[in-house]
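Below: the structure, in structure tokens.
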């Protein structure tokens, strides 16, 4: 495992990296405000591969593939990136649409939160925006239950353990009576989260069963912990408790970055992926979008990639598609890996379908509606975004027409559900949350159904791939990949992309990418002691 270090503030680090008071060449700045964030040095070596050195294929143009391609290309590796879709970004891709009123707009697969704990993702984005000016901090993201209970994160302290205690003290859904009723012994795993220990202890039970075991209050469960499980597009009854507890560590007890997040100030393509694509081509990367890879064939001296636009031979390959794409690619590449590895990949599961509905309304919603609202108890509706509150494109349409642009999410929809009915129900649920939308004409609507996110089921940790495969020339990246660090979601994708690049750079004797993580254990020595005592 890589060594973790905690540098002093304002100190220049090896390899061109700097601490929080400075930014490095290549955009890889240090962490944010948390002085306990841990630095993970990349492998040592020379600065670049020699001219005419190794060539690598990166399969998948999402966050993981983009991170891997960036780290490799910056060090002189000749990179070809294959993306089966028409655009970069993976699950954060966007594409142009023409609305019924003639307006040009950008559609995407839905809202994503960029938390300050996402150090490596933010380091990737600093390549194109050193100050991260393209991101905008939302002042709050309230959580609203149908019974009228409402939680806010705006006033919750950022530093643990006051963050968790502050949330409990300020929450109308989490009373001190509820706290007394909880079972502290069963909750001890929350106090000292380590990877992979958290999986060894808790991967065998579901998130819902864990919450029941510790007697977490029902109302607060919906408004707090289920927000995390829904981030995985999963029902809490199917999600591994280890993933839920890891999220608690990342946001509540492991990091002092706080609970508020940023969002891009423009649609994903314009804000992020078009600039990063230009950055990559400037480093010699060959971008092959709308190009599916049929199979990968290891052979003497290299790896052959067979794609729609022909066959090419590379020195190494990064596999960074979504879980379904990875299963399919491995199944069609008979010589890739060994039998045990291929069987584990074949058992990877995909989360249930989810629906994103975007509505362009003739009239605006009330001015006090937040940019993002989490919901519970309204059926399948999980959250509502008012895009003109933070996205420039939507704000310009709203200013011109007097309307609102809303986005509705329904996670973990039953696979056999009637899609037309679910789309109608989602709008009906919006009317219950924001009654002023009843009777308002919908200028245009777009519905996106997808089912390509990883599922982290109970007992599934052992089947998840690591960055390394039985063939050292082939590595894997993505948010389904195991890491030794406390990361999740988009940050896991970025981190594993860099780790995959580092594995190849190590083989070639080239300096790797330095990474950052939230602390790899509980912050409080007293709480860690209590957790250890509870395990005896």
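In UniProt numbering, the protein residues as written are 1 to 536. The beta-carbon is built from N, C-alpha and C at its ideal position, and this holds for glycine as well. Here the structure is a predicted model, which means the values were calculated and not measured.
Item, Value
"Measuring CA to CA, which of 517, 522, 523 is closest to residue 539?", "An answer regarding residue 539 cannot be provided, because it is not within the stretch 1 to 536 covered by the chain."
"Does the distance from the C-beta atom of residue 128 to that of residue 276 stay below 8 angstroms?", "yes"
"Measure the C-alpha to C-alpha separation of residue 521 and residue 451 and round it to an integer number of angstroms.", "33 angstroms"
"I need the straight-line Cα distance from residue 553 to residue 71, nearest angstrom please.", "No answer is possible for residue 553: the residues shown for the chain start at 1 and end at 536."
"At the level of alpha carbons, what is the spacing between residue 350 and residue 478?", "13 angstroms"
"Please state whether the Cβ-Cβ distance between residue 57 and residue 82 is less than 8 angstroms.", "yes"
"On the CB-based measure, 16 or more other CB atoms within 10 Å of its CB, does residue 75 come out buried or exposed?", "buried"
"Say whether chain D places a C-beta atom closer than 8 angstroms to the C-beta of residue 203.", "You won't find chain D in this structure, because it holds only one protein chain."
"What residue range does the alpha helix (DSSP H) around residue 393 cover?", "392-401"
"With burial defined as no fewer than 16 other Cβ atoms inside 10 Å of the residue's Cβ, what is the status of residue 457: buried or exposed?", "buried"
"With distance defined between alpha-carbon atoms, name the residue in 189, 216, 215 nearest to residue 203.", "189"
"Compute the Euclidean distance between the alpha carbons of residue 509 and residue 306, then round it to the nearest angstrom.", "28 angstroms"
"Straight-line CA distance for residue 542 to residue 40?", "Past the boundaries of the shown model lies residue 542; the chain is included only from 1 to 536, so the question cannot be answered."
"Taking the straight line between their C-alpha atoms, what separation do you get for residue 364 and residue 405?", "8 angstroms"
"For residue 316, count neighbouring C-beta atoms within 10 Å of its own C-beta (all shown protein chains included) and say buried if the count is 16 or more, exposed if not.", "buried"
"On the criterion of 16 or more Cβ atoms from any shown chain inside 10 Å, does residue 367 qualify as buried, or is it exposed?", "exposed"
"Taking all protein chains shown into account, do 16 or more other C-beta atoms lie within 10 angstroms of the C-beta of residue 25, making it buried, or fewer, making it exposed?", "Bear in mind that a pLDDT of 37 at residue 25, under 50, signals an unreliable position, so the number given afterwards is only what the model happens to contain. Label assigned to residue 25: exposed."
"Would you report the Cα separation of residue 215 and residue 181, rounded to the nearest angstrom?", "7 angstroms"
"What whole-angstrom Cβ distance do residue 144 and residue 499 have, given they're in contact under 8 angstroms?", "The Cβ separation is near 38 angstroms, so there is no contact."
"Residue 23 by DSSP, collapsed to three states: which one?", "Because the pLDDT at residue 23 is just 38, under 50, the model does not fix this residue reliably, and the value given afterwards should be weighed accordingly. Note: residue 23 maps to coil in three-state DSSP."
"Rounded to whole angstroms, how far is the Cβ of residue 541 from the Cβ of residue 106, which I believe are closer than 8 angstroms?", "This structure does not reach residue 541, given that the chain is present from 1 up to 536, and the question cannot be answered."
"Would you report the Cα separation of residue 322 and residue 345, rounded to the nearest angstrom?", "12 angstroms"
"Return helix, strand or coil for residue 538, following the three-state DSSP convention.", "One cannot answer for residue 538 here, as it falls past the ends of the chain, which runs 1 to 536."
"Between the beta-carbon of residue 361 and the beta-carbon of residue 443, is there less than 8 angstroms?", "yes"
"Between which residues of its own chain and residue 482 is the CB-CB distance below 6 angstroms, once the five residues before and five after are set aside?", "464, 466"
"Counting only the same chain and skipping the five closest in sequence on each side, list residues whose C-beta sits under 7 angstroms from that of residue 304.", "297, 311, 313"
"Could you check if residue 52 is buried or exposed, using at least 16 other CB atoms within 10 Å of its CB as the buried criterion?", "exposed"
"Could you say which of 47, 172, 474 lies nearest to residue 330 if we only look at CA atoms?", "474"
"Considering only residues of the segment 297-350, which uninterrupted beta strand (DSSP E) runs meet the minimum length of 3 residues and lie entirely inside it, listed in chain order?", "302-307, 310-314, 316-319"
"Which of helix, strand or coil does DSSP assign to residue 192?", "coil"
"Return yes when the Cβ of residue 415 is within less than 8 angstroms of the Cβ of residue 353, no when it is not.", "yes"
"Candidates 433, 210, 420, 359: which alpha carbon is nearest residue 610's?", "There is no way to answer for residue 610, as the model of the chain reaches only from 1 to 536."
"From 206, 421, 335, 160, pick the residue whose C-alpha is nearest to that of residue 191; which is it?", "160"
"Quick one: which unbroken beta strand (DSSP E) runs of 3-plus residues sit fully inside the segment 135-172? Chain order, please.", "135-137, 143-145"
"Excluding the 5 residues flanking residue 291 on each side, which residues of the same chain have their C-beta closer than 6 angstroms to its C-beta?", "82, 307, 308, 309"
"Ignoring anything shorter than 3 residues or poking outside the segment 348-386, list the beta strand (DSSP E) runs there in chain order.", "354-361, 372-376, 383-386"
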